[in-house]
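Following: one structure in structure tokens, then a few remarks.
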Amino acid sequence: MDGGKRDAADERVEYGVRRARRVGRRLLRYAGREWRLFLVGFAFLFLATAGNVLGPALIRRFIDRHLVPGDFAPKPLLLLAAAYLLSLVFTAVFQFLQYVAFGKAAQRIVLRIRMDVYRRATGFAMAFYDRVPSGWLVSRVTNDTEALKELYATVIAAFVQNGVFLLGVTGALFILDPRSALWLVWVLPAAFGLMVAYRRLSDGVVRAVRKTLSALSGFLGEALAGMRVIQAYRQEGRFQARFEALTATAYGAQLRRIRLNALLVRPAVDVLYLLALVVLVDVFGLRSLTGAVSLGVLVAFIAYVDRMFEPVNEMMFSLTFLQGALVAGERVFGLLDHEEPFFKPERPAPGGIREGRIEFRDVSFAYDPAHPVLDGVTFTVEPGQTVALVGPTGAGKSTIAGLILRFYRPTAGEIRIDGRPLDDYDEAVLRRDVGYVLQEPFLFGGDVAFNIRLYDDVPEEAVAQAAAFVGLDRRLARLPEGLRTPVMERGAALSAGERQLVAFARVMLRNPKILILDEATASVDSETEALIEEALARMRRDRTTIIIAHRLSTIQKADRIFVLSRGRIVEAGTHETLMAKGGLYATMVRLQTEGEADFG
Numbered sequence: 000m001d002g003g004k005r006d007a008a009d010e011r012v013e014y015g016v017r018r019a020r021r022v023g024r025r026l027l028r029y030a031g032r033e034w035r036l037f038l039v040g041f042a043f044l045f046l047a048t049a050g051n052v053l054g055p056a057l058i059r060r061f062i063d064r065h066l067v068p069g070d071f072a073p074k075p076l077l078l079l080a081a082a083y084l085l086s087l088v089f090t091a092v093f094q095f096l097q098y099v100a101f102g103k104a105a106q107r108i109v110l111r112i113r114m115d116v117y118r119r120a121t122g123f124a125m126a127f128y129d130r131v132p133s134g135w136l137v138s139r140v141t142n143d144t145e146a147l148k149e150l151y152a153t154v155i156a157a158f159v160q161n162g163v164f165l166l167g168v169t170g171a172l173f174i175l176d177p178r179s180a181l182w183l184v185w186v187l188p189a190a191f192g193l194m195v196a197y198r199r200l201s202d203g204v205v206r207a208v209r210k211t212l213s214a215l216s217g218f219l220g221e222a223l224a225g226m227r228v229i230q231a232y233r234q235e236g237r238f239q240a241r242f243e244a245l246t247a248t249a250y251g252a253q254l255r256r257i258r259l260n261a262l263l264v265r266p267a268v269d270v271l272y273l274l275a276l277v278v279l280v281d282v283f284g285l286r287s288l289t290g291a292v293s294l295g296v297l298v299a300f301i302a303y304v305d306r307m308f309e310p311v312n313e314m315m316f317s318l319t320f321l322q323g324a325l326v327a328g329e330r331v332f333g334l335l336d337h338e339e340p341f342f343k344p345e346r347p348a349p350g351g352i353r354e355g356r357i358e359f360r361d362v363s364f365a366y367d368p369a370h371p372v373l374d375g376v377t378f379t380v381e382p383g384q385t386v387a388l389v390g391p392t393g394a395g396k397s398t399i400a401g402l403i404l405r406f407y408r409p410t411a412g413e414i415r416i417d418g419r420p421l422d423d424y425d426e427a428v429l430r431r432d433v434g435y436v437l438q439e440p441f442l443f444g445g446d447v448a449f450n451i452r453l454y455d456d457v458p459e460e461a462v463a464q465a466a467a468f469v470g471l472d473r474r475l476a477r478l479p480e481g482l483r484t485p486v487m488e489r490g491a492a493l494s495a496g497e498r499q500l501v502a503f504a505r506v507m508l509r510n511p512k513i514l515i516l517d518e519a520t521a522s523v524d525s526e527t528e529a530l531i532e533e534a535l536a537r538m539r540r541d542r543t544t545i546i547i548a549h550r551l552s553t554i555q556k557a558d559r560i561f562v563l564s565r566g567r568i569v570e571a572g573t574h575e576t577l578m579a580k581g582g583l584y585a586t587m588v589r590l591q592t593e594g595e596a597d598f599g
């Protein structure tokens, strides 16, 4: 049993090593794109290392040639002092240049990785965002990519510089006294063994730290976004308790990391250093019994041994960043490598939507195969018609909008626009020619004008015309800054009706041939209601319009009304014919009218 557990543990460790190597190779490939900067950085690194190695040799020369013989001639001493001072300045200058070169390379690489991650994170099919928390994605794009910066700015340079320095120090020791240097050769494999042990022991610990921080970030983002609900339902205490629990988990993971670092990063290296000093003293003590020992060589040996452990300490400390970078890299590459079905036509047909005729032919769809949302839906919307989709919650109304925009693809059946299969349209053309107003309009930080045009290169006059077309200018006229009125996050500075008018203007600026309106459920004052009705009447003119209706009183003039229930169209017709039929639609109208009467 114990042997089996050990084998399983060994397999996990081996798998972790292989995984780290794969991630490391990919991270180095990114570094290869900045090879010129790294080449410059390494050149400065070698020069700085040479200056660092030179110092103890100059001290040894001073002791053996001047201090011990009592030769204090001014000129040689001044030259020696100048050489030592120059070595310090030389080292400092080239270390500065080295850090600048590596830092610049690191920033460029992280920028490239972050852009790759952002493009990937925003390039999935909509189904991906339906199931993946936004905080998880934010953590990949920000926290994990930032953790990689230390790898390129610090870790690579630290390992190369300190590795070269260790070789230089070892070479200097053998040049000074080969016999004594042989007694210190064991230091290098011992230090390497410490690094390997730390690397293996820290893998799970660092992974737990990154996981808890990601969970904490996701929860915090969700809590801040839902603060109105939290306060409205007096959930502050419960959310705080949950946050404290996540924080405690993160604290525990960080504490395990601190304990591991406290054991291996410094104390273990200090023990090696003391052992090396003991060996050094014993060696020189024994040799002093059999012959003369150069004081300069002894002092130089002590200085080199002292300097030998500085890079070991730095490399051990850099391992903490390396491990974090490898875990972060694994998470980043996990997102970059994630395969999500996302349809793009290989050869999209030229041209956009000209008329706006929509056909659903026996279309079925399911987010989850076990629970179909649409089941054999068939209907046609002629160019210029206004069609309303009504039905209970979960009947599939918003899903139809998502299918037309190709956020999702049907699991069966076919959708055609202007007689062409929906899959033949280029995505950019489709999204340009189909305007979509969400039930809850999403506004970004910035001003009203930005939220209308977004990042499109559109003249200010066109933005103003779109605002005037939907009647938004009448509301903005009351505000001192007009189109430059700050919107704040999610449009908090505007009323529900104003947010809806901004969303209308955003759509009309692009002049789509098909308009999909997911009707807002929020109540607005009578003046804003009138503005919205006027805007909708103008927007529907000369374009195909699909209204996902929640207030049935607003769709009575629609050319056709499709009533959905359990993923099927169960009724279709005008308001008058459906009311006369006395079916589901008539029942919904009666219940909603009674509800409005009951609640004023």
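In numbering that gives the first Met the number 0, the protein residues as written are 0 to 599. Idealized CB from N, CA, C, for every residue including glycine. Source: prediction; values computed, not measured.
Is the beta carbon of residue j closer than 8 Å to that of residue i?
i, j, result
"F332", "V88", "no"
"V462", "R473", "no"
"L150", "F320", "yes"
"G102", "A30", "no"
"T377", "F406", "no"
"V168", "Y303", "yes"
"F283", "V159", "no"
"G481", "L442", "no"
"V457", "L475", "no"
"A299", "R25", "no"
"G445", "V486", "yes"
"L454", "L404", "Reading off the sequence, residue 454 comes out as Tyr, not Leu. Not in contact: Y454 and L404 (Cβ atoms no closer than 8 Å)."
"I352", "T379", "no"
"P310", "L77", "no"
Looking at the strands, I want to know which residues DSSP matches up with residue i.
i, result
"D417", "None, per the DSSP bridge assignment."
"Y435", "I515"
"I568", "L563"
"A56", "A56 is not bridged to any residue."
"D423", "Note: D423 sits in no beta bridge, so no partner."
"V362", "V376"
"P485", "D446"
"D367", "H370"
Could you pull the start and end residues of the beta strand (DSSP E) that residue i belongs to?
i, result
"A387", "T385 to V389"
"G375", "L373 to V380"
"I62", "First-last for I62: undefined, no H or E at that position."
"I108", "Run containing I108: none in the beta strand (DSSP E); it sits in the alpha helix (DSSP H), P73 to A120."
"I399", "Note, I399: premise wrong, no beta strand (DSSP E); alpha helix (DSSP H) at K396 to I403."
Quick check on this structure: which residue in the options has the alpha carbon closest to the alpha carbon of residue i?
i, options, result
"F93", "V195, P458 and A47", "A47"
"I301", "S179, A252, L215 and V486", "S179"
"D425", "G192, K343 and M578", "K343"
"R509", "I554, F443 and V433", "V433"
"A214", "V131, I357 and L193", "V131"
"M633", "I513, Q555 and H549", "The displayed coordinates of the chain run from 0 to 599. Any statement about residue 633 would go beyond what the structure contains."
"A394", "D202, V154 and S564", "S564"
"A56", "D417, G192, I174 and A348", "I174"
"L429", "F164, G225 and P347", "P347"
"V204", "I229, V154, L259 and T246", "L259"
"R35", "I352, A100 and S317", "A100"
"G601", "E575, V228 and F242", "No information on residue 601 is available, as it lies outside the stretch 0 to 599 that the chain covers here."
"A222", "L273, L245 and G412", "L245"
"A189", "L263, N51, L147 and N142", "L263"
"A126", "A466, Y272 and L402", "L402"
Looking only at its chain, what residues have a beta carbon closer than 7 Å to the beta carbon of residue i, apart from the 5 residues adjacent to it on each side?
i, result
"V684", "Residue 684 falls outside the range modelled here, since the chain spans only 0 to 599, and no answer is possible."
"A365", "P371, V372 and T410"
"R18", "E329"
"L318", "M194, Y197 and R198"
"G390", "K396, V562, L563 and S564"
"T592", "none"
"T553", "E518"
So, at 8 Å on beta carbons, what are the nonlocal neighbours of residue i in its own chain, with the 5 sequence-adjacent residues on each side left out?
i, result
"K580", "E570 and G572"
"Q384", "T543, T544, D558 and R559"
"A207", "A252 and R255"
"L147", "L26, I108, V109, I112, A324, A327, G328 and V331"
Check for me: the alpha helix (DSSP H) holding residue i runs from which residue to which?
i, result
"T576", "H574 to K580"
"I155", "I155 to L175"
Going along the chain, which residues of its own chain have a beta-carbon closer than 6 Å to the beta-carbon of residue i, five neighbours each way excluded?
i, result
"M578", "A585"
"T527", "G496"
"V588", "L551"
"R505", "I451"
"H337", "none"
"G54", "S86"
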